[in-house]
Amino acid sequence: MTDDKDVLRDVWFGRIPTCFTLYQDEITEREAEPYYLLLPRISYLTLVTDKVKKHFQKVMRQEEVSEIWFEYEGTPLKWHYPIGLLFDLHASNTALPWSITVHFKNFPEKDLLHCHSKDVIEAHFMACIKEADALKHKSQVINEMQKKDHKQLWMGLQNDKFEQFWAINRKLMEYPPEDNGFRYIPFRIYQATTERPFIQKLFRPIASGGQLHTLGDLLKDVCPSAVAPEAGDLRFFMHCTHVAMCSHRIYHLDKGQVKRDKKEGEIKSQRGVMWLVPGHTERMPICKRDTFANTFFGFANTFFGWIKVVS
Amino acid sequence: MLEGTSGDHPVQPQPRQGHLEQMTQGRVQIPCSMAGEEDFVLEEKRFKQHCEEFVKHSQQIGDGWEWRTSKDLGDGYLSKTHFQVRNRHIAQDLREKTNDNIEETLLAHVEESLDDSQVAGVCTTEEVIRYEYHVLYSSSYQVPVLYFRACFLDGRPLTLEEIWGSVHACYQDRLQEGPWDTITQQEHPILGQPFFVLHPCRTNEFISTVLTGPWKHNRHKNYIILWLSTVGPVVGLSVPLSYAKVAPEQNSSTDSAESSSASSLPGLTFQYFAYLPYFAMRICAEREVLGHC
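Chains as they are written, first to last, in UniProt numbering: chain A, 1 to 311; chain B, 1 to 293.
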């Protein structure tokens with residue numbers, strides 16, 4: 001995976017400029033200034049907003065403060081989703097900075113999980129990692145690791161330490177040379193508009209004939225209505241990557257190579273979001289947006305897989 | 001777990017003395033005869049069939065389970081709601097208590113004399129709690145998973161600490177070994193709302209030990225009944241003995257004498273008692289371990 005390292009670093013260090021504003025009905029002793037922060041895409045809201053909390057608590061009385069929660073345009077933000085996912089799902093079409101409203105009262109019990117301590121976040125994160133490994137390796141790799149390795153994954157995430165994290169995570173991203181890929185691909189397809197939070201199904205990276213499956217194959221299998229011609233052009237995001245979809249397959253779900261072609265296949269960096277333009281021989285339009293524009297494609301163990309471009 | 005005696009089941013294995021200790025330390029030492037047996041995988045189709053069978057029996061005995069299908073993808077889950085009355089000998093908010101305190105308090109309830117006035121600062125209240133249980137299928141682990149939520153009649157949901165505290169005393173040891181690996185709050189995969197979940201990652205461990213080797217005959221029994229009767233009581237859900245009568249799948253290798261009678265239940269019970277690596281084992285044969293907290 002050494003070739004992919006800069007891609008991995010780009011994903012890890014992706015940031016979203018955010019403006020936090022206190023909800024107007026919160027009771028304050030003096031005016032609350034908004035708080036600006038660069039949020040890491042690869043983390044969780046409640047893990048990285050201690051400063052935000054402290055900032056607003058300074059202007060509030062103790063008794064007015066209970067569990068913090070965040071909301072964007074009326075929608076409570078699920079802290080247990082990666083920040084990058086939340087942004088891509090709810091706010092990718094709006095101008096930066098991302099405006100988030102901070103609440104300290106009336107916790108929405110029906111919408112949000114509680115997060116009373118960092119232990120909750122760690123438990124959730126590790127559960128995601130374990131579930132992804134159940135799919136990739138029948139849990140063999142994660143179970144063979146020692147507790148201290150699990151801790152290192154968590155500390156790497158918590159302290160934003162790329163090397164520390166990937167020293168362990170790379171083991172979760174490998175497979176034996178005789179296999180051609182993971183047992184099943186850990187993925188989830190999120191849509192902002194449905195009650196069901198995400199679509200997750202078993203999907204093998206290799207077809208029975210031995211050929212590698214593509215992203216298009218997966219989408220056809222898992223949400224056929226999304227790729228039907230009458231659905232129009234679609235836009236898919238993967239972590240922070242806008243993946244253009246066209247009729248010529250092109251992507252492998254693999255440990256990940258991204259084609260760095262100067263003309264087509266060029267990787268553009270724009271506002272912290274990576275845009276991937278597919279390289280292929282026929283000219284195909286970049287997909288236009290429609291109701292499925294909010295579909296987000298990500299990995300169940302959150303953002304540690306990648307996409308390969310095949311021209 | 002279902003109440004029963006050790007019974008007169010003809011093929012009843014006796015675990016070796018040290019075996020149980022090994023298992024209660026949380027690591028399963030699977031006997032050599034079982035190593036190399038194929039994983040028992042519950043496919044989604046089979047999960048649905050067994051749920052259907054389960055619901056049919058539930059309807060016959062009025063146990064309140066129903067199957068709900070999701071409109072968009074056609075998958076679904078089992079659902080049951082029931083109300084439970086709990087006696088509390090505590091005056092203050094449970095939230096402030098650690099798990100140790102909760103266990104002490106709950107056990108004190110058993111040992112205490114009837115004269116509460118002797119205990120300073122404590123009063124008895126009765127609370128009604130509404131429990132909603134869902135059984136979903138996990139394609140990642142290929143096992144069923146138990147989701148549940150609980151709230152008081154005024155709508156206030158129970159906190160995670162209160163849920164941990166309400167786990168039966170028999171299972172508190174195991175819970176306290178790793179509460180974050182056992183019961184946590186998670187998003188319901190179909191409804192998208194917060195529920196508590198009993199973690200499924202160890203399900204395969206204990207289920208495969210009751211489905212392989214000497215207990216291969218269990219494979220034709222209803223997986224949901226086997227599984228739910230074991231995990232349900234941990235979180236206050238009882239599975240009436242009547243489910244043991246559910247006729248197994250038609251199978252040419254079935255031993256009809258043993259499979260159709262309710263007396264196969266005690267054997268099953270013993271197997272669970274003997275091979276439950278998931279939970280710290282205190283054999284509660286005397287007590288009815290049916291989730292009365």
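The C-beta atom is built at its ideal place from N, Cα and C for all residues, glycine as well.
Since this is a predicted model, take the numbers as computed values, not measurements.
Enclosing beta strand (DSSP E) for residue i [first to last residue]
| i | result |
| --- | --- |
| Glu66 of chain B | 66-69 |
| His103 of chain A | 98-103 |
| Cys19 of chain A | 15-22 |
| Ala150 of chain B | 143-152 |
| Glu71 of chain A | 69-72 |
| Glu177 of chain B | That residue, Glu177 of chain B, is in no beta strand (DSSP E); its alpha helix (DSSP H) goes 172-177. |
| Val197 of chain B | 194-198 |
Any C-beta of chain B under 8 Å from that of residue i
| i | result |
| --- | --- |
| Pro197 of chain A | yes |
| Leu202 of chain A | yes |
| His213 of chain A | no |
| Leu47 of chain A | no |
| Ala95 of chain A | no |
| Glu131 of chain A | yes |
| Arg15 of chain A | no |
| Leu112 of chain A | yes |
| Asp88 of chain A | no |
| Glu73 of chain A | no |
| Cys19 of chain A | no |
| Thr150 of chain A | In the sequence as presented, Thr is not what sits at residue 150 of chain A; that position holds His. Not closer than 8 Å to any Cβ of chain B, the Cβ of His150 of chain A fails to qualify, so no. |
is_contact[residue i, chain A] using C-beta, thresh 8 Å
| i | result |
| --- | --- |
| Ser79 of chain B | no |
| Asp100 of chain B | For Asp100 of chain B, the predicted model reports a pLDDT of 48, less than 50, meaning its position is unreliable; a value from the coordinates is still stated below. Not closer than 8 Å to any Cβ of chain A, the Cβ of Asp100 of chain B fails to qualify, so no. |
| Gln176 of chain B | no |
| Glu43 of chain B | no |
| Gln22 of chain B | Residue placement at Gln22 of chain B cannot be trusted, given a pLDDT of 37 that sits under 50; what the coordinates show is reported in the next sentence. No, Gln22 of chain B does not count as interfacial toward chain A. |
| Trp164 of chain B | no |
| Leu160 of chain B | yes |
| Trp180 of chain B | yes |
| Ser139 of chain B | yes |
| Pro157 of chain B | yes |
| Pro240 of chain B | no |
| Thr184 of chain B | yes |
Separation of residue j from residue i, as counted between CA atoms
| i | j | result |
| --- | --- | --- |
| Asp72 of chain B | Lys201 of chain A | 14 Å |
| Gly232 of chain B | Glu67 of chain A | 31 Å |
| Ala192 of chain A | Lys216 of chain B | 45 Å |
| Cys284 of chain B | Leu136 of chain B | Because Cys284 of chain B carries a pLDDT of 33, less than 50, the predicted location of this residue cannot be relied on, and no value is offered for it. |
| Ile16 of chain A | Val48 of chain A | 12 Å |
| residue 312 of chain A | Leu226 of chain B | In the structure displayed, chain A extends from 1 to 311; residue 312 of chain A sits before or after that span and is not available. |
| His82 of chain B | Arg130 of chain B | 6 Å |
| Glu162 of chain B | Ile206 of chain A | 46 Å |
| Cys151 of chain B | Ala167 of chain A | 43 Å |
| Met173 of chain A | Trp12 of chain A | 15 Å |
| His55 of chain A | Cys115 of chain A | 19 Å |
| Val167 of chain B | His213 of chain A | 45 Å |
| Phe104 of chain A | Gln60 of chain B | 49 Å |
| Pro82 of chain A | Gly155 of chain B | 30 Å |
| Asn143 of chain A | Lys171 of chain A | 12 Å |
| Pro186 of chain A | Ala132 of chain A | 5 Å |
| Leu86 of chain A | Leu113 of chain A | 15 Å |
Cβ separation of residue i and residue j, assumed to be a contact under 8 Å, to the nearest whole Å
| i | j | result |
| --- | --- | --- |
| Tyr44 of chain A | His80 of chain A | 7 Å |
| Thr203 of chain B | Val143 of chain B | 4 Å |
| Ser138 of chain B | Val145 of chain B | 5 Å |
| Lys136 of chain A | Tyr184 of chain A | 7 Å |
| Ile224 of chain B | His50 of chain B | 5 Å |
| Phe20 of chain A | Ile100 of chain A | 5 Å |
| Val59 of chain A | Ala32 of chain A | 5 Å |
First through last residue of the alpha helix (DSSP H) which encompasses residue i
| i | result |
| --- | --- |
| Val55 of chain B | 44-61 |
| Trp154 of chain A | 147-158 |
| Gln140 of chain A | 140-144 |
| Gln57 of chain A | 50-57 |
| Ile27 of chain A | First-last for Ile27 of chain A: undefined, no H or E at that position. |
| Leu135 of chain A | 118-137 |
For residue i, the nearest candidate out of the options (CA to CA)
| i | options | result |
| --- | --- | --- |
| Ser79 of chain B | B:His134, B:Gln49, B:Ser208, B:Lys48 | B:His134 |
| Ile183 of chain B | B:His168, B:Leu241, B:Thr230, B:Val197 | B:Val197 |
| Gln186 of chain B | A:Pro177, A:Glu163, A:Phe203, A:Cys128 | A:Cys128 |
| Val120 of chain A | A:Pro177, A:Asn93, A:Thr46 | A:Thr46 |
| His220 of chain B | B:Ala244, B:Val85, B:Leu158, B:Tyr147 | B:Ala244 |
| residue 313 of chain A | B:Arg46, B:Ser208, B:Thr69, B:Glu43 | There is no way to answer for residue 313 of chain A, as the model of chain A reaches only from 1 to 311. |
| Glu71 of chain A | A:Phe182, A:Ser139, A:Asp179, A:Pro108 | A:Pro108 |
| Pro40 of chain A | A:Thr194, A:Ile142, A:Trp98 | A:Trp98 |
| Ser238 of chain B | B:Lys45, B:Trp164, B:Glu132, B:Ser140 | B:Glu132 |
| Phe125 of chain A | A:Glu31, A:Ile42, A:Gly210 | A:Ile42 |
Partners in chain D for residue i, counting only beta-carbon separations shorter than 9 Å
| i | result |
| --- | --- |
| Thr194 of chain A | No chain D appears in this structure, whose protein chains are A and B. |
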